[in-house]
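Notes for the one structure printed next.
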Amino acid sequence: MNRRSGAPENMNLYDDQMGLISQYYPEIYSQVVQEQAVEKPRRNRRKRSKAGESGSSSGVAGKRKLSQEQVNMLEMSFGNQQKLESQRKEKIASQLGLDPRQVAVWYQNRRARLKSKKLEEEYSKLKAEHDCNVVEKCRLENEVLRLKEQVCEAEKDIQRLLERADGISSINSPSSSFPMEVLDPPFLGGFGFEGLENVLYVPQNDYINGLEWVNLYDM
DNA sequence: CGACCCACCACCTTACATCA
DNA sequence: ATGATGTAAGGTGGTGGGTC
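Counting from 1, position 93 in the first sequence corresponds to residue 198 in my numbering; the numbering is continuous, with no gaps.
Below is the structure:
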């Protein structure tokens with residue numbers, strides 16, 4: 106016999122209480138039992154159409170929640186196989202004293218719950234991945250900034266070296282009116298030629314105190 | 001082959017129980 | 001008392017198999 110859906114969820118506690126009452130207050134206990142024997146009328150599920158009028162147990166006042174034992178059995182069965190063939194459905198239904206339709210519905214709802222849970226897990230996984238990627242992006246952006254600063258420092262060093270070299274060559278040169286561009290190639294990075302500085306052609310005689318222009322940035 | 005029925009499914013929704 | 005949550009079940013539309 107399935108318990109009414111209106112019965113307390115915690116049946117052990119309920120039974121304990123009833124046991125105590127029957128022991129110490131037999132009159133009250135018999136009164137309570139008599140009252141319980143009369144099924145309380147339950148609100149029927151409102152019908153939205155006449156489609157389910159002739160359905161099996163649908164719309165019938167009474168049990169709603171399945172007992173823990175029934176749920177355990179269904180869970181076990183579902184764990185073994187998530188698909189429900191009609192033979193198995195009939196068997197489970199008769200074992201649990203349920204309408205086969207109820208077993209089918211339970212399986213449908215169980216599959217839906219499983220799917221929803223899987224979706225949630227997938228979402229959590231993707232979110233964690235996304236968060237990791239955001240952190241990594243931030244780290245890489247910082248790295249880019251740091252490297253840009255290094256480049257900037259290197260450019261300043263180069264500029265200083267060029268100025269020093271220019272000073273030395275003007276002392277050594279017989280003609281101080283020698284055009285600047287010949288010995289002092291413009292800093293290409295400042296003119297939008299980033300990345301091309303170390304591949305541009307430099308005449309072989311452009312040596313300044315043993316300092317080679319080519320691959321100046323190779324460090 | 002097409003029409004019909006039936007069972008099943010996914011998906012959405014509703015009604016209700018339970019809990020915080 | 002009440003809003004949030006979980007769950008049984010209703011409703012709908014799609015699909016596949018069986019039958020006529």
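For glycine and all other residues, C-beta sits at the position ideal for the given N, C-alpha and C.
What separation, rounded to the nearest whole angstrom, lies between the Cα atoms of Lys383 and Asn214?
-> The chain is shown only over 106 to 324; residue 383 falls outside these bounds and no answer can be derived.
Do you know how far the Cα of Lys253 is from the Cα of Ile273?
-> The C-alpha of Ile273 lies about 30 angstroms from the C-alpha of Lys253.
Under a three-way DSSP split, which group does Glu258 fall into?
-> Here DSSP, grouped into helix, strand and coil, assigns Glu258 to helix.
Nearest to Ser191 by CA position, among Asp204, Cys237, Glu241, Leu266, is which residue?
-> For the residues Asp204, Cys237, Glu241, Leu266, the minimum Cα distance to Ser191 belongs to Asp204.
Would you tell me roughly how many angstroms separate the C-alpha atoms of Val240 and Ser221, rounded to the nearest one?
-> Taking the straight line from one Cα to the other gives about 29 angstroms.
Give the single residue among Leu267, Val249, Ser172 whose Cα lies nearest to the Cα of Gln207.
-> Residue Ser172 is the option with its Cα nearest to Gln207.
Contacts around Asn247, its chain only, beta-carbon distance under 8 angstroms, and the 5 residues preceding and following it disregarded = Nothing listed; no residue qualifies.
Residue of Cys237, Arg244, Gln175, Gln200 minimising C-alpha distance to Trp211 | Nearest of Cys237, Arg244, Gln175, Gln200 to Trp211, Cα basis: Gln175.
With a Cβ-Cβ cutoff of 8 angstroms, do Lys196 and Ala209 count as a contact?
-> Against a cut-off of 8 angstroms, the Cβ pair of Ala209 and Lys196 comes out as no contact.
Span separating the alpha-carbon of Lys155 from that of Arg169 | Annotation note: pLDDT 30 at Lys155 (below 50); position unreliable, coordinate value reported separately. One C-alpha to the other measures close to 21 angstroms.
So, helix, strand or coil for Asp271, using DSSP?
-> Correct three-state label for Asp271: helix.
Could you give the C-beta distance for Arg216 and Gln186, rounded to a whole number, given that I count them as a contact under 8 angstroms?
-> About 12 angstroms separates the beta carbons of Arg216 and Gln186, which is beyond the 8 angstroms limit, so they are not a contact pair.
Nearest neighbour of Gln200, chosen from Ala259, Asn177, Arg251, Tyr228 [CA to CA] = Ranked by Cα distance from Gln200, the first of Ala259, Asn177, Arg251, Tyr228 is Asn177.
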